[in-house]
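The listed protein sequences derive, respectively, from chains A and B. Each residue of the first sequence is one higher than the last, beginning at 81 in this note's numbering. Each residue of the second sequence is one higher than the last, beginning at 81 in this note's numbering. The beta carbon of each residue, even a glycine, is placed where N, CA and C say it ideally should be. Values in this document were obtained by computation on a predicted structure and should not be read as measured data. Take a look at the structure set out below.
2 protein chains.
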Amino acid sequence: MQTPDLSPDPSNPTPRSVAVLAGGIGGARFIRGLLHYLAVSEPGTEVTVIANTGDDIRLFGLQICPDLDSIMYTLGGGISEERGWGREGETFTIKDELAAYGAPPTWFGLGDRDTATHLVRTQMLSAGYPLSAVTEALCARWQPGVRLIPMSDDRVETHVVIDADEPGTKQAIHFQEWWIRHRAAVHAHEFVLIGAEDAKPAPGVIDAIRNADIVLLPPSNPVVSIGTILQIPGIREALRQTSAPVVGLSPIVGGAPVRGMADACLEAIGVATSAEAVARHYGARVASVPAGADGGGILDGWLVHDDTDSAAIANLTPLGITTRAVPLLMTDVDATAQMASAAMDLAREIMAART
Amino acid sequence: MQTPDLSPDPSNPTPRSVAVLAGGIGGARFIRGLLHYLAVSEPGTEVTVIANTGDDIRLFGLQICPDLDSIMYTLGGGISEERGWGREGETFTIKDELAAYGAPPTWFGLGDRDTATHLVRTQMLSAGYPLSAVTEALCARWQPGVRLIPMSDDRVETHVVIDADEPGTKQAIHFQEWWIRHRAAVHAHEFVLIGAEDAKPAPGVIDAIRNADIVLLPPSNPVVSIGTILQIPGIREALRQTSAPVVGLSPIVGGAPVRGMADACLEAIGVATSAEAVARHYGARVASVPAGADGGGILDGWLVHDDTDSAAIANLTPLGITTRAVPLLMTDVDATAQMASAAMDLAREIMAART
Numbered sequence: 081m082q083t084p085d086l087s088p089d090p091s092n093p094t095p096r097s098v099a100v101l102a103g104g105i106g107g108a109r110f111i112r113g114l115l116h117y118l119a120v121s122e123p124g125t126e127v128t129v130i131a132n133t134g135d136d137i138r139l140f141g142l143q144i145c146p147d148l149d150s151i152m153y154t155l156g157g158g159i160s161e162e163r164g165w166g167r168e169g170e171t172f173t174i175k176d177e178l179a180a181y182g183a184p185p186t187w188f189g190l191g192d193r194d195t196a197t198h199l200v201r202t203q204m205l206s207a208g209y210p211l212s213a214v215t216e217a218l219c220a221r222w223q224p225g226v227r228l229i230p231m232s233d234d235r236v237e238t239h240v241v242i243d244a245d246e247p248g249t250k251q252a253i254h255f256q257e258w259w260i261r262h263r264a265a266v267h268a269h270e271f272v273l274i275g276a277e278d279a280k281p282a283p284g285v286i287d288a289i290r291n292a293d294i295v296l297l298p299p300s301n302p303v304v305s306i307g308t309i310l311q312i313p314g315i316r317e318a319l320r321q322t323s324a325p326v327v328g329l330s331p332i333v334g335g336a337p338v339r340g341m342a343d344a345c346l347e348a349i350g351v352a353t354s355a356e357a358v359a360r361h362y363g364a365r366v367a368s369v370p371a372g373a374d375g376g377g378i379l380d381g382w383l384v385h386d387d388t389d390s391a392a393i394a395n396l397t398p399l400g401i402t403t404r405a406v407p408l409l410m411t412d413v414d415a416t417a418q419m420a421s422a423a424m425d426l427a428r429e430i431m432a433a434r435t
Numbered sequence: 081m082q083t084p085d086l087s088p089d090p091s092n093p094t095p096r097s098v099a100v101l102a103g104g105i106g107g108a109r110f111i112r113g114l115l116h117y118l119a120v121s122e123p124g125t126e127v128t129v130i131a132n133t134g135d136d137i138r139l140f141g142l143q144i145c146p147d148l149d150s151i152m153y154t155l156g157g158g159i160s161e162e163r164g165w166g167r168e169g170e171t172f173t174i175k176d177e178l179a180a181y182g183a184p185p186t187w188f189g190l191g192d193r194d195t196a197t198h199l200v201r202t203q204m205l206s207a208g209y210p211l212s213a214v215t216e217a218l219c220a221r222w223q224p225g226v227r228l229i230p231m232s233d234d235r236v237e238t239h240v241v242i243d244a245d246e247p248g249t250k251q252a253i254h255f256q257e258w259w260i261r262h263r264a265a266v267h268a269h270e271f272v273l274i275g276a277e278d279a280k281p282a283p284g285v286i287d288a289i290r291n292a293d294i295v296l297l298p299p300s301n302p303v304v305s306i307g308t309i310l311q312i313p314g315i316r317e318a319l320r321q322t323s324a325p326v327v328g329l330s331p332i333v334g335g336a337p338v339r340g341m342a343d344a345c346l347e348a349i350g351v352a353t354s355a356e357a358v359a360r361h362y363g364a365r366v367a368s369v370p371a372g373a374d375g376g377g378i379l380d381g382w383l384v385h386d387d388t389d390s391a392a393i394a395n396l397t398p399l400g401i402t403t404r405a406v407p408l409l410m411t412d413v414d415a416t417a418q419m420a421s422a423a424m425d426l427a428r429e430i431m432a433a434r435t
């Protein structure tokens, strides 16, 4: 086992650009650790974050982008550390008022501070600006320290197929309703990314992957966060073709998600809740190995939690996924920076092995 | 001088329906007093309020209807008594957040509670419901005790022509910008109700005036509240043709507006700031008297503040506007109920004189 520290290996080249595919809370926290590591050890490295927008939902006429906001607030110092989502010092006056009007739905935690973000976004979208330009405008306030890009400017939405009330029939509900209202406790038959076929990657997404020195997959949800990003036509291909090593971090530790309800999502797509199964699902990038997921694998390297998941090393490495075991609990920024350091080291190791 | 009390004259018929044309704060307070009077003395009387929507403005993507909301909140018990507008216990988190994003304008007092109302309204409008239906839906919560109808379902907006920066040129700004940002202190050349020509009265407006037993004009702004309502094609004609007596209450007491900045509005249209001049501007309904305003006069009766404005009685009555002087300061609900009582008495007196 490799014990990562915050100093890069001087024998390896220093990357100048890192691309990260990310979901919401877990992705945001990982990137915060990554930035902490880079600021100390590799200053000047540019980070581009390609964020999942499949969770986006229009409620009360507001276009809400939970993952973009989680990343923006977390990196900009505005996140509620306690909840992990939404704004610090948030109030819920509007939510209560909407309930008093009987305006559905009542299960969504619409914060007052958050609403201002949604208002600015919705107004700019209505004026014709693409989501990527809107996100850039919002980031002018938050200064997240990364270039934050939605995976697509096209509106796509993850819906979840569940049993309907009438026996033998099914219905689709928005991911947020399944996630928040039902707490992912209703059996999901399938996730459908509505609008995916016709969606294009947002400007800069493909270039960020192509031109990156390293691509990282944080311990985000492999199904409804990273998996959703991979459904935008062109993104998986870019990941398979980039010269940068692609290194992921397992969101599953000891057979359970570190946070969130990734197990329910994995179950729906028939993937076991284990660090090894998630890596197999992502698949190895090497062409000689059958694709672990539709369209070909994307991983060069994989980090699993040490002790609990070290057995994956021997199983995955022969498949072409160089696997290491390190502590993967994002207990604080320093611990997370150590994880980022380990991911960067593994990427450099993979690069060095190629030459 | 007639001293009103809260008991109706038993020799006069009890009206069953009252129509009120109203602006925001002043109109709302008058109607609250009217309802108080009716509940005590003439229970069962139905009140229809036709509200000005020329103040409406779309800000931050929200459709804001200040006068409808002032009436709804005042009659529904949700108004801030201290400010006179907006919600009791209001907070301004969103306003601060929008300012932090640099989203203009910053001069509008967008409250958090209020925003929920705007969100419900905007969402319903976007879904295709007319403003009158939206207002009815919002009133299902507030139970204002009146039928509240916007003057029109069509979007009309009062703009104010002011001097532009370049000498000799003019520009038009939204009424709210003139009223709130400039506090009506910038000289207004003209008020233009954009969209007025093509606007139709909302469903129920003309019938409410036609079928009313009494029509009341509260001490609302005669230019940008009542005057705006009169610009919707068909409303002035309905007022001139209804069999109900039309009785107004002067918003000017002793040469100054009781509240608000009606003097600046009157100055712009060349009308003196006096109780008598406002009545002459409204004009007498009797056909034999030349119209005081474009399209013909609308008043049968007029209440002025006693002592300060009693001289108007002798000047206006010969014109066909039966004028009485009573206390016209809405210091509390009881005082306002007395004003409403006096207006109802005057209406009955006018009805009785006809037969």
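Query raised in the report: In this structure, what does DSSP give as the bridge partners for A/Phe271?
Result: A/Val240
Query raised in the report: Between the C-alpha atoms of A/Glu277 and A/Val285, what's the straight-line distance to the nearest angstrom?
Result: 17 Å
Query - Limits of the unbroken alpha helix (DSSP H) element including B/Gly113 - result: 105-121
Requested in this report: Check A/Ile349 in the structure and name its three-state DSSP category.
Outcome: coil
Query raised in the report: Does the beta carbon of B/Gly141 come closer than 8 Å to any beta carbon on chain A?
Result: yes
Requested in this report: Compute the beta-carbon to beta-carbon distance between A/Met410 and A/Gly113, rounded to the nearest angstrom, for a pair I have assumed lies under 8 Å.
Outcome: 7 Å
Query raised in the report: Does the Cβ of B/Ala220 have 16 or more other Cβ atoms within 10 Å, making it buried, or fewer, making it exposed?
Result: Exposed, since its Cβ has fewer than 16 Cβ neighbours within 10 Å.
Query raised in the report: Which of the three DSSP states, helix, strand or coil, is assigned to A/Ser354?
Result: In this structure, DSSP gives A/Ser354 a state outside helix and strand, which the three-state scheme calls coil.
Query raised in the report: Hey, how far is the Cα of B/Asp149 from the Cα of B/Gly104?
Result: 8 Å
Query raised in the report: Whose Cβ in chain A lies nearer than 7 Å to the Cβ of B/Tyr209?
Result: The contacting residues do not exist; B/Tyr209 stays about 13 Å from chain A at best.
Query raised in the report: According to a CB-to-CB cut-off of less than 8 Å, which residues of the stretch 178-209 of chain A neighbour chain B?
Result: Leu178, Ala180, Tyr181, Gly182, Ala183, Asp192, Arg193, Thr195, Ala196, Thr197, Leu199, Val200, Thr202, Gln203, Ser206
Requested in this report: Would you kindly work out how many angstroms separate the C-alpha atoms of B/Val413 and B/Trp165, rounded to a whole number?
Outcome: 16 Å
**Report entry** Distance, B/Val129 Cα to B/Val100 Cα
**Finding:** 5 Å
Requested in this report: Count the CB pairs spanning the stretch 329-340 of chain B and the stretch 234-253 of chain B that are closer than 8 Å, and state whether there are at least three.
Outcome: no
Query raised in the report: Got a sec: which bits of the stretch 216-236 of chain A sit with their beta carbon under 9 Å from any beta carbon on chain B, in order along the chain?
Result: Ala217, Leu218, Ala220, Arg221
**Report entry** Cutoff 8 Å: B/Ile137 Cβ touching any chain A Cβ
**Finding:** no
**Report entry** Cβ pair count under 8 Å reaching 3, the stretch 341-352 of chain B against the stretch 297-312 of chain B
**Finding:** yes
Query raised in the report: Rounded C-beta distance between B/Pro299 and B/Pro331? I'm assuming under 8 Å.
Result: 4 Å
**Report entry** Beta-ladder partner(s) of A/His385, from DSSP
**Finding:** Residue pairing by DSSP places A/His385 opposite A/Val406 in a beta bridge.
Query raised in the report: Does the beta-carbon of B/Val45 have 16 or more other beta-carbons within 10 angstroms, so that it is buried, or is it exposed?
Result: No answer is possible for residue 45 of chain B: it lies beyond the span of chain B, which begins at 81 and ends at 435.
Query - Counted within 10 angstroms of its Cβ, other Cβ atoms place A/His269 as buried (16 or more) or exposed - result: Classified as exposed, A/His269 has fewer than 16 neighbouring CB atoms from the shown chains inside 10 Å of its CB.
Query raised in the report: For the candidate residues B/Ala355, B/Thr215, B/Met204, whose alpha-carbon lies nearest to that of B/Asp386?
Result: B/Ala355
Query raised in the report: So, are the CB atoms of A/Leu329 and A/Leu408 less than 8 Å apart?
Result: Yes, the Cβ-Cβ distance between A/Leu329 and A/Leu408 is below 8 Å.
Report task. Look at the alpha carbon of A/Arg235 and the alpha carbon of B/Val240, and state the distance between them as a whole number of angstroms. Result -> Approximately 39 Å, taken between the alpha carbons.
Query - Pairwise C-alpha distance: A/Thr202 and A/Val214 - result: 9 Å
Report task. Under 6 Å Cβ to Cβ from B/Gly107, same chain only, skipping five residues before and after it: list those, please. Result -> Cβ within range, chain order: Pro298, Ser300.
Query raised in the report: Around the C-beta of B/Asn395, are 16 or more other C-beta atoms found within 10 angstroms, so that it is buried, or is it exposed?
Result: Burial state of B/Asn395 is exposed, judged by a 10 Å Cβ sphere holding fewer than 16 other Cβ atoms.
Query raised in the report: In three-state DSSP terms, what is B/Glu126?
Result: strand
Report task. Within the stretch 134-212 of chain A, note down every full beta strand (DSSP E) run reaching 3 residues or more, in order along the chain. Result -> 137-139, 142-144
Report task. For my contact list, A/Ala417 and A/His116 are in at a C-beta cut-off of 8 Å; report their separation, rounded to the angstrom. Result -> 4 Å
Requested in this report: Compare the C-alpha of A/Arg290 against each of A/Ala423, A/Leu228, A/Arg320, A/Met419 and name the closest.
Outcome: A/Arg320
Report task. Spell out the partners DSSP gives A/Pro250 in its beta bridges. Result -> Per the sequence shown, the amino acid found at residue 250 of chain A is Lys instead of Pro. According to DSSP, A/Lys250 bridges with A/Asp243.
Query raised in the report: Between B/Val369 and B/Ala180, what straight-line distance do the alpha-carbon atoms span, to the nearest angstrom?
Result: Its pLDDT being 47, under 50, B/Val369 is placed unreliably by the model, and the measurement read from it follows with that caveat. One C-alpha to the other measures close to 57 Å.
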